[in-house]
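> After the structure tokens below, expect a handful of questions from me.
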Amino acid sequence: MTLHQKERQIIVKNQYVDSFDFDEIEEFIRSASKDLFISHKFKNSDTTLVQPRGGFPTYQKQFELYEEFEKADIDVMPLTIDSHTRLNDYGSAKKMLDLSEANEVDMLNGYPLVNHGYRTTRKMTTHFNRPVSLRHGTPDARLLIETALASGIFEIEGGPITYLLPYSKNFPLDKAFLYWKYVERVCADYSRLNEPINRESFGPLTATLVPPCVTIVIQLLEMLLSLEEGVKSFSVSFAQSGSVTQDAVMANVIRKMADFYAKKIGIEDATINLVYHQWMGAFPRNKEFSDSLINSSSFIARLVRADKIIIKTRDESFGIPTMQCNAQSVANTKYTFRVLKGLPLIIDEEEEENLTKEVHSIMEAVFNDSADTLWRKVFNSIKNGIIDVPFSPHVINHNNVITIRDEHSNIRIIERGNMPISDDCLTYEKSKVKLSEDKTAVINKIIEDIGVMHE
Amino acid sequence: MTLHQKERQIIVKNQYVDSFDFDEIEEFIRSASKDLFISHKFKNSDTTLVQPRGGFPTYQKQFELYEEFEKADIDVMPLTIDSHTRLNDYGSAKKMLDLSEANEVDMLNGYPLVNHGYRTTRKMTTHFNRPVSLRHGTPDARLLIETALASGIFEIEGGPITYLLPYSKNFPLDKAFLYWKYVERVCADYSRLNEPINRESFGPLTATLVPPCVTIVIQLLEMLLSLEEGVKSFSVSFAQSGSVTQDAVMANVIRKMADFYAKKIGIEDATINLVYHQWMGAFPRNKEFSDSLINSSSFIARLVRADKIIIKTRDESFGIPTMQCNAQSVANTKYTFRVLKGLPLIIDEEEEENLTKEVHSIMEAVFNDSADTLWRKVFNSIKNGIIDVPFSPHVINHNNVITIRDEHSNIRIIERGNMPISDDCLTYEKSKVKLSEDKTAVINKIIEDIGVMHE
Amino acid sequence: MYKVVTGVVGNDIHVVANRLIDISLQARGFEVFNLGVNTYLEEFIDAVVETDADVLLISSLNGEAEGWCRELQFLMAEYELKDVTFVIGGNLSVGESKDEDLVKKYQSYGFDLVFHQIELNDGLDQLEEFLGKKS
Amino acid sequence: MYKVVTGVVGNDIHVVANRLIDISLQARGFEVFNLGVNTYLEEFIDAVVETDADVLLISSLNGEAEGWCRELQFLMAEYELKDVTFVIGGNLSVGESKDEDLVKKYQSYGFDLVFHQIELNDGLDQLEEFLGKKS
Ligand code: B12
Ligand code: B12
Chain Z
8 MTLHQKERQI IVKNQYVDSF DFDEIEEFIR SASKDLFISH KFKNSDTTLV QPRGGFPTYQ
68 KQFELYEEFE KADIDVMPLT IDSHTRLNDY GSAKKMLDLS EANEVDMLNG YPLVNHGYRT
128 TRKMTTHFNR PVSLRHGTPD ARLLIETALA SGIFEIEGGP ITYLLPYSKN FPLDKAFLYW
188 KYVERVCADY SRLNEPINRE SFGPLTATLV PPCVTIVIQL LEMLLSLEEG VKSFSVSFAQ
248 SGSVTQDAVM ANVIRKMADF YAKKIGIEDA TINLVYHQWM GAFPRNKEFS DSLINSSSFI
308 ARLVRADKII IKTRDESFGI PTMQCNAQSV ANTKYTFRVL KGLPLIIDEE EEENLTKEVH
368 SIMEAVFNDS ADTLWRKVFN SIKNGIIDVP FSPHVINHNN VITIRDEHSN IRIIERGNMP
428 ISDDCLTYEK SKVKLSEDKT AVINKIIEDI GVMHE
Chain U
8 MTLHQKERQI IVKNQYVDSF DFDEIEEFIR SASKDLFISH KFKNSDTTLV QPRGGFPTYQ
68 KQFELYEEFE KADIDVMPLT IDSHTRLNDY GSAKKMLDLS EANEVDMLNG YPLVNHGYRT
128 TRKMTTHFNR PVSLRHGTPD ARLLIETALA SGIFEIEGGP ITYLLPYSKN FPLDKAFLYW
188 KYVERVCADY SRLNEPINRE SFGPLTATLV PPCVTIVIQL LEMLLSLEEG VKSFSVSFAQ
248 SGSVTQDAVM ANVIRKMADF YAKKIGIEDA TINLVYHQWM GAFPRNKEFS DSLINSSSFI
308 ARLVRADKII IKTRDESFGI PTMQCNAQSV ANTKYTFRVL KGLPLIIDEE EEENLTKEVH
368 SIMEAVFNDS ADTLWRKVFN SIKNGIIDVP FSPHVINHNN VITIRDEHSN IRIIERGNMP
428 ISDDCLTYEK SKVKLSEDKT AVINKIIEDI GVMHE
Chain B
12 MYKVVTGVVG NDIHVVANRL IDISLQARGF EVFNLGVNTY LEEFIDAVVE TDADVLLISS
72 LNGEAEGWCR ELQFLMAEYE LKDVTFVIGG NLSVGESKDE DLVKKYQSYG FDLVFHQIEL
132 NDGLDQLEEF LGKKS
Chain G
12 MYKVVTGVVG NDIHVVANRL IDISLQARGF EVFNLGVNTY LEEFIDAVVE TDADVLLISS
72 LNGEAEGWCR ELQFLMAEYE LKDVTFVIGG NLSVGESKDE DLVKKYQSYG FDLVFHQIEL
132 NDGLDQLEEF LGKKS
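Residue numbers (my numbering), protein chains in the order written: chain Z, 8 to 462; chain U, 8 to 462; chain B, 12 to 146; chain G, 12 to 146.
Shown next, in the form of structure tokens:
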């Protein structure tokens with residue numbers, strides 16, 4: 008028995024979990040319908056696939072949500088996991104699930120997949136026969152992903168960095184890398200049986216003034232860590248920045264860089280897709296305006312030619328949306344995609360050059376770290392602030408990079424912290440903003456920039 | 008007494024109209040608040056002004072509509088005229104106005120300005136103190152415009168071509184030119200007293216598969232006819248075409264051509280603005296989708312850097328919108344304009360070159376007509392099909408130009424009729440569409456193209 | 012072969028549907044006399060009498076139909092147009108209205124078939140069915 | 012100078028408001044002990060006891076507050092925290108809820124001030140007013 012196998016056996020033995028029948032699971036995946044695989048759907052689609060978010064505590068309600076989505080002709084079904092499960096707190100999840108079932112009040116903000124188990128959940132995925140994407144935010148997602156894959160969920164979002172720095176305060180980063188290495192390997196293994204399992208990184212991070220170079224570097228690193236383990240279908244992603252031009256620049260640069268770095272580590276047979284997140288920051292408190300914002304995001308997704316869009320709802324600033332509201336959002340976005348035609352290609356050479364330089368210098372610094380493996384290099388780079396995510400709640404993150412919006416709402420770096428971007432690049436970034444000397448003025452500007460989409 | 012003065016006295020003597028006090032009117036315009044002049048507002052604004060449509064039969068309801076619009080912080084108030092008034096049928100308008108007042112049911116699709124008179128209407132415009140734009144569709148608008156200007160309405164939409172070919176079946180085109188010459192002159196005269204009166208052409212025409220070159224040529228010709236008479240502030244306009252690229256191309260070309268032809272007739276001191284109409288064709292029968300369509304239009308208006316946008320509502324395919332619905336549309340568009348930042352400039356050289364050539368060749372043919380005045384040249388050009396507007400209900404219009412959408416939804420000319428565009432240009436246009444030989448297939452494609460924004 | 016007089020009533024110049032109606036009626040084998048847009052009720056009636064039409068199919072899009080069509084009943088009586096089928100369709104009110112109310116109202120004016128915001132082909136299917144039953 | 016312990020309760024990691032609250036409280040002259048996100052009720056109470064704080068100001072954004080805050084009443088009794096002002100704010104339910112119902116519920120758990128979807132500065136104004144009246 009390999010080490011990996013041993014680890015696996017330990018993981019799936021858990022008081023909240025029914026026994027795993029791995030032979031049966033392999034057989035299931037081998038003969039699963041191609042329609043369950045988003046990697047298959049990507050190959051055969053020439054528009055932007057539409058995926059909402061959505062997870063309810065009970066099976067029944069999740070099923071009803073999928074029924075609503077089906078009516079709206081959704082492309083990719085979401086399965087959002089509740090935050091207890093995300094922190095591996097299956098006990099609390101169970102307690103709240105029971106309460107939800109008993110009282111018809113949702114006591115969880117997502118679907119507690121581990122508690123429901125794969126035997127139950129698979130009934131749902133195969134019934135609807137559309138790709139399901141797992142959205143969680145879990146640093147140690149090993150059990151969760153085993154359960155997901157066994158359930159017929161063949162897209163797994165997340166990664167050691169993107170699901171840790173925005174989603175956790177204390178979880179040890181080195182452990183996260185190892186746990187995700189496990190996830191990558193399981194995905195890679197199952198990918199040999201049928202269409203490839205798709206892995207997707209979570210580009211939005213904290214969704215709060217994250218500079219493009221940080222997003223892209225993290226996307227590239229999670230992609231490389233995944234490809235290293237044998238994953239063959241990977242999605243890089245980012246969220247609406249607040250500036251249409253900056254979105255286009257990011258899309259163009261990330262696509263080029265993904266190719267470049269995949270080749271650099273010798274991988275040429277993987278498919279890389281681009282996912283765009285509708286505005287992930289603070290939403291307006293007005294539902295009509297939220298609809299407008301959502302539609303503008305959809306427009307940008309088409310402008311930047313994203314392969315998939317992950318959408319929000321008009322309820323975003325209020326709470327978990329009702330299923331009808333969520334399905335309506337799907338229908339609206341699909342309508343916009345159907346009628347929005349003749350989209351120009353947007354290129355901004357100066358911005359793309361600057362961003363490319365920033366990305367290369369950070370990537371170079373990561374590769375130059377003295378550690379022996381890529382994940383250790385990345386770990387060290389985060390620890391010493393070479394990678395620094397604004398507004399991360401995590402203790403390891405430096406929080407020394409400061410960004411602000413310029414007059415076109417582009418996110419600009421005004422303090423680079425330990426991030427190794429060149430003086431030239433920093434000068435370029437700073438040249439775009441008129442900086443006040445007054446510190447409280449800067450703080451007020453940042454608060455304003457966080458609320459940039461408010462009424 | 009000049010001929011013009013005599014004409015004027017005849018016009019304002021009408022059984023449905025109170026006497027005009029021209030001295031008082033001049034004094035009113037001379038001392039009118041600058042805020043009533045859109046020409047003033049254009050000068051002092053760096054975003055896209057928002058203007059809805061809206062006209063109710065009774066003064067009371069029109070006033071309430073303006074109150075709603077004011078709450079939504081509207082930029083330009085609309086005054087849409089009912090269709091009886093448009094056909095100078097003040098008798099029917101009066102009958103229906105009386106019925107509307109008696110029964111609280113709207114029996115007119117707009118505000119019967121002539122029946123209400125300038126003394127009453129002026130109370131409303133000065134009360135709200137924002138620019139008002141007159142939307143009508145009237146070939147003989149002489150009395151209407153005298154009433155409008157006297158009411159404090161300082162933007163007059165329309166023109167001899169754009170308000171005739173889409174809006175009338177039998178009205179004599181030559182008369183329309185003369186009647187509009189009168190309107191231009193009155194506008195030019197009053198422009199000397201305070202800020203300039205703004206004239207605006209109606210670019211959408213029939214809103215049904217009109218090719219860009221036809222729209223632009225007609226915009227340019229109405230502009231020239233207006234500038235000739237001394238108007239100093241003019242807006243050219245066009246409606247969302249269905250292709251984002253084609254919209255950008257039209258905006259870029261129309262701006263350049265407007266400058267070029269104004270100079271060509273020796274006018275350098277007039278201000279030309281660009282107005283964009285949200286989708287003017289058939290709307291979806293779904294209100295949510297209509298909202299999406301409307302927001303996409305707003306997005307495009309900003310992309311093409313329009314100086315003003317004229318908006319629709321989610322009720323478009325159903326009927327005249329309620330005032331709340333209309334005001335909501337204003338608020339939504341203003342929200343989108345506030346938060347939509349970092350817009351790239353879109354340029355498509357090949358398309359712009361082709362369109363420029365088409366415009367020049369039609370304009371050349373018009374100028375080469377043997378008649379002595381510009382309006383007669385234009386008259387002849389329409390009569391002999393050098394200018395030909397698809398789906399015009401007017402008897403003089405040839406209806407021989409046939410257009411169809413290419414795969415990016417650009418409108419392409421497949422039959423040029425008598426329009427003098429070069430073989431090269433026609434070949435270019437046709438090269439973009441895969442044409443079926445089958446005639447009913449073409450008809451079905453046209454029907455589909457008319458419903459291009461349907462669900 | 013049924014003869015049908017069609018057009019758009021009153022001061023209404025929305026021509027697009029009218030062009031499609033012309034094509035569709037012809038495709039269904041009707042003999043079509045299309046008076047186009049901006050046609051008054053008297054003109055319609057004259058054309059019906061002149062062509063000895065079986066059907067008068069009126070469109071109205073700009074919301075004004077009611078004002079123009081109230082008088083149909085008087086004209087019908089005057090000209091004794093008993094065998095003609097009267098049809099109206101399009102957008103039959105200013106603003107939004109309840110379908111049933113509208114249908115009743117127009118029926119009281121003398122229309123046999125009333126299609127407010129109904130797809131053209133659905134309406135024409137119903138017309139053919141109606142004519143079939145009648146004969 | 013009032014002492015205030017603040018942080019985000021439970022498994023909630025929404026940190027942005029927490030950073031702004033820290034800045035705002037300091038700007039208003041409070042002495043702030045910010046425990047950050049992902050803080051459990053016991054940790055809050057420990058910090059209140061340890062720092063002898065006047066105010067405990069809890070944020071919750073991810074909708075889970077209810078599950079975590081029911082036990083406040085027991086802990087209050089256990090530690091005899093009579094003079095402390097208990098405040099909670101943010102987004103206090105999963106999905107949308109009626110404000111009044113929520114306020115009552117959280118008051119029954121022992122909170123003095125409950126701010127569901129209330130602007131930060133409005134809430135802090137009310138807090139200062141409340142503290143003023145109390146002293
Ligand atoms: C294009 C358009 C115009 C163009 C028309 C160009 C032209 N000459 O044709 C322009 C810009 C010039 C225009 C002008 C005006 N318009 Co207009 N226009 C439209 C618009 C956007 C699309 C109409 C269209 O071409 N549709 C495509 C065709 C194929 O569809 P259709 O007309 O809806 O017809 C379908 C059905 O109704 C049905 N049908 C029609 N007749 C019949 C008959 C039978 C028997 C059956 C079964 C079915 C049937 O079949 C057709 C195919 O499915 C509509 C709103 C909409 N629908 O989205 C407004 C609309 C019709 N217009 C309207 C108005 C008020 C006007 C104006 C008075 C003023 C204004 N606000 O601008 C003037 C009219 C002046 C006049 N004298 O009539 C209103 C009518 C309001 C109402 N009914 O309550 C509408 C609904 C817009 C609105 N919400 O305010 N318009
Ligand atoms: C950015 C964001 C994230 C980022 C957070 C990054 C980070 N580490 O901070 C990411 C993407 C990582 C994230 C993750 C999740 N999120 Co989140 N997130 C948001 C979002 C879009 C904005 C939050 C924000 O930063 N706002 C800006 C700050 C300044 O405003 P604020 O937080 O609203 O706080 C204001 C007021 O609430 C008030 N306030 C706050 N506390 C207090 C206290 C007092 C006393 C007073 C007076 C006022 C007050 O003052 C602040 C300033 O005005 C909101 C939705 C929205 N509001 O638009 C969802 C939202 C909060 N998230 C939600 C959820 C469910 C989650 C997840 C569980 C799962 C998911 N669906 O992705 C995970 C959480 C994991 C976990 N363990 O908690 C839900 C909560 C649902 C509910 N309450 O019913 C929301 C509402 C979205 C939604 N509609 O589903 N999220």
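Ideal Cβ positions, reconstructed from N, Cα and C, are used throughout, including at glycine.
Predicted model, so just to flag it, every value in this text is computed and none were measured.
Assuming U/K48 contacts U/P138 under a Cβ cut-off of 8 Å, what Cβ separation, rounded to an integer in Å, is found between them?
Here the question's residue 48 of chain U lines up with position 41 in the second sequence. Here the question's residue 138 of chain U lines up with position 131 in the second sequence. Yes, they are in contact, since the Cβ atoms of U/K48 and U/P138 sit about 6 Å apart, within 8 Å.
> Is the separation between the beta-carbon of U/K439 and that of U/N425 shorter than 8 Å?
By 1-based counting over the second sequence, the position of residue 439 of chain U is 432. By 1-based counting over the second sequence, the position of residue 425 of chain U is 418. It is not a contact, given that the beta carbons lie outside the stated cut-off.
> Please classify B/T96: does DSSP put it in a helix, a strand, or coil?
In the third sequence, the residue the question calls residue 96 of chain B occupies position 85. In this structure, B/T96 counts as strand in the three-state DSSP scheme.
> Using a cut-off of 9 Å between C-beta atoms, extract the partners of Z/G249 located in chain U.
Residue numbering aside, residue 249 of chain Z sits at position 242 when the first sequence is read from its first letter. Under the 9 Å cutoff, chain U gives V346, K348 and G349.
> Are U/A148 and U/Y125 close, meaning C-beta to C-beta below 8 Å?
Taking the first residue of the second sequence as position 1, residue 148 of chain U is located at position 141. Taking the first residue of the second sequence as position 1, residue 125 of chain U is located at position 118. Contact: no.
> Ordered along the chain, which non-local residues of its own chain (more than five positions away) have a Cβ less than 6 Å from that of U/M257?
Taking the second sequence and counting its residues from 1, one reaches residue 257 of chain U at position 250. The answer, listed in chain order, is P219 and F245.
> Does the beta-carbon distance from G/V66 to G/V95 come in below 8 Å?
Along the fourth sequence, read from residue 1 onward, the residue named residue 66 of chain G stands at position 55. Along the fourth sequence, read from residue 1 onward, the residue named residue 95 of chain G stands at position 84. Cβ atoms of G/V66 and G/V95: closer than 8 Å.
> Just to confirm, are Z/H401 and Z/L43 a CB contact at a threshold of 8 Å?
Against the first sequence, residue 401 of chain Z aligns to sequence position 394. Against the first sequence, residue 43 of chain Z aligns to sequence position 36. No, the Cβ-Cβ distance between Z/H401 and Z/L43 is not below 8 Å.
> Closest to B/I34 by C-alpha separation, out of U/E207, U/V24 and U/V449, would be which residue?
Indexing the third sequence from 1 puts residue 34 of chain B at position 23. Closest option to B/I34, Cα to Cα, is U/V449.
> Quickly, what does DSSP pair Z/N205 with across the bridge? List them, please.
Numbered from 1 along the first sequence, position 198 holds the residue referred to as residue 205 of chain Z. In DSSP, Z/N205 forms a bridge with Z/E162 and Z/S240.
> Could you tell me whether the Cβ atoms of U/M255 and U/L216 are closer together than 8 Å?
On the second sequence, residue 255 of chain U is found 248 positions in, with the first residue counted as 1. On the second sequence, residue 216 of chain U is found 209 positions in, with the first residue counted as 1. Met is not the amino acid found at residue 255 of chain U; the sequence shown has Ala there. No, these two residues do not count as a Cβ contact at 8 Å.
> So which residues on chain Z does U/E77 lean against when the C-beta distance must stay under 7 Å?
Here residue 77 of chain U is taken as the residue at index 70 of the second sequence, counted from 1. In chain order: nothing, as chain Z lies at least about 17 Å away.
> Considering just the uninterrupted stretch of the beta strand (DSSP E) at B/L103, what are its terminal residues?
Working through the third sequence from its first residue, we reach residue 103 of chain B at position 92. Counting along the chain, B/L103 falls outside any beta strand (DSSP E), and DSSP gives it neither H nor E.
> Could you name the residues of the same chain whose beta carbon sits closer than 6 Å to that of G/K14, not counting the 5 residues immediately before and after it, in chain order?
Sequence index remark: in the fourth sequence, residue 14 of chain G carries index 3 (1-based). If we look at G/K14 and ignore the five residues flanking it on each side, its Cβ neighbours are E42, T62, A64 and D65.
> On the three-pair Cβ rule with 8 Å, is the segment 19-38 of chain G touching the segment 124-144 of chain B?
Contact between the segment 19-38 of chain G and the segment 124-144 of chain B is absent, because fewer than three Cβ pairs lie under 8 Å.
> When you measure from the CB of Z/P291 to every non-hydrogen atom of ligand 1, does any distance come out below 7 Å?
If you number the first sequence from 1, residue 291 of chain Z lands on position 284. No; taking the cut-off as 7 Å, the Cβ of Z/P291 has no heavy atom of ligand 1 nearer than that.
> Just by C-beta distance, which residues in the segment 35-49 of chain B are closer than 9 Å to chain U?
Of all residues in the segment 35-49 of chain B, A38, G47, V48 and N49 have a Cβ within less than 9 Å of some Cβ in chain U.
> Run through chain Z and tell me which residues come within less than 7 Å of G/E75, C-beta to C-beta.
Along the fourth sequence, one-based indexing puts residue 75 of chain G at 64. The answer, in chain order, is S90 and N116.
> Using 10 angstroms around the beta-carbon of U/S38, count the other beta-carbons present and answer buried if the total reaches 16, otherwise exposed.
Translated into positions along the second sequence, residue 38 of chain U becomes position 31. That one is exposed.
> Measure the alpha-carbon distance for Z/E229 versus G/N102 and round it to whole angstroms.
Taking the first sequence and counting its residues from 1, the one referred to as residue 229 of chain Z is at position 222. Taking the fourth sequence and counting its residues from 1, the one referred to as residue 102 of chain G is at position 91. Roughly 32 Å between the two C-alpha positions.
> Report yes or no: is there a C-beta of chain G within less than 8 Å of the C-beta of Z/M460?
For this step, residue 460 of chain Z is matched to residue 453 along the first sequence. False, the Cβ-Cβ gap to chain G never drops below 8 Å.
> Keeping to the same chain, check which residues put their C-beta closer than 8 Å to that of U/V366; ignore five residues upstream and five downstream.
Position 359 of the second sequence, counted from the first residue, corresponds to residue 366 of chain U. Around U/V366: C220, I223, V224, L227, V260 and M264.
> Where does B/L67 fall in DSSP's three states?
Residue 67 of chain B sits at position 56 when you count from the first residue of the third sequence. Here B/L67 sits in strand by DSSP.
> What are the residues in the segment 206-219 of chain Z lying within 8 Å of chain G by C-beta distance?
Per Cβ criterion, the list reads T213 and T215.
> In or out: U/M114 buried (at least 16 other Cβ within 10 Å) or exposed?
Translated into positions along the second sequence, residue 114 of chain U becomes position 107. Buried, because 16 or more other Cβ atoms sit within 10 Å of the Cβ of U/M114.
> Quick check: is any heavy atom of ligand 1 less than 7 Å from the C-beta of Z/D30?
Your numbering for residue 30 of chain Z matches position 23 in the first sequence. No, the Cβ of Z/D30 stays beyond 7 Å of every heavy atom of ligand 1.
> Once DSSP output is grouped into helix, strand and coil, what is the label at Z/M8?
Residue 8 of chain Z sits at position 1 when you count from the first residue of the first sequence. If DSSP states are grouped into helix, strand and coil, Z/M8 belongs with coil.
> Z/I403 CB to nearest chain G CB: under 8 Å?
Counted from its first residue, the first sequence places residue 403 of chain Z at position 396. No, because no Cβ of chain G sits closer than 8 Å to the Cβ of Z/I403.
> Counting only Cβ pairs nearer than 7 Å, list the residues of chain B close to U/K176.
Residue numbering aside, residue 176 of chain U sits at position 169 when the second sequence is read from its first letter. I24, G47, V48 and N49, listed in chain order.
> Taking the DSSP output, what are the residues bridged to U/P85?
Taking the first residue of the second sequence as 1, we reach residue 85 of chain U at position 78. Its beta-bridge partners are U/S140.
> Can you tell me whether Z/Y118 is helix, strand or coil according to DSSP?
As a working mapping, residue 118 of chain Z is identified with position 111 in the first sequence. Z/Y118: coil per DSSP, three-state reduction.
> Which stretch, first to last residue, makes up the alpha helix (DSSP H) that contains B/G78?
Numbered from its first residue, the third sequence carries residue 78 of chain B at position 67. Per DSSP, B/G78 belongs to the alpha helix (DSSP H) from A76 to C80.
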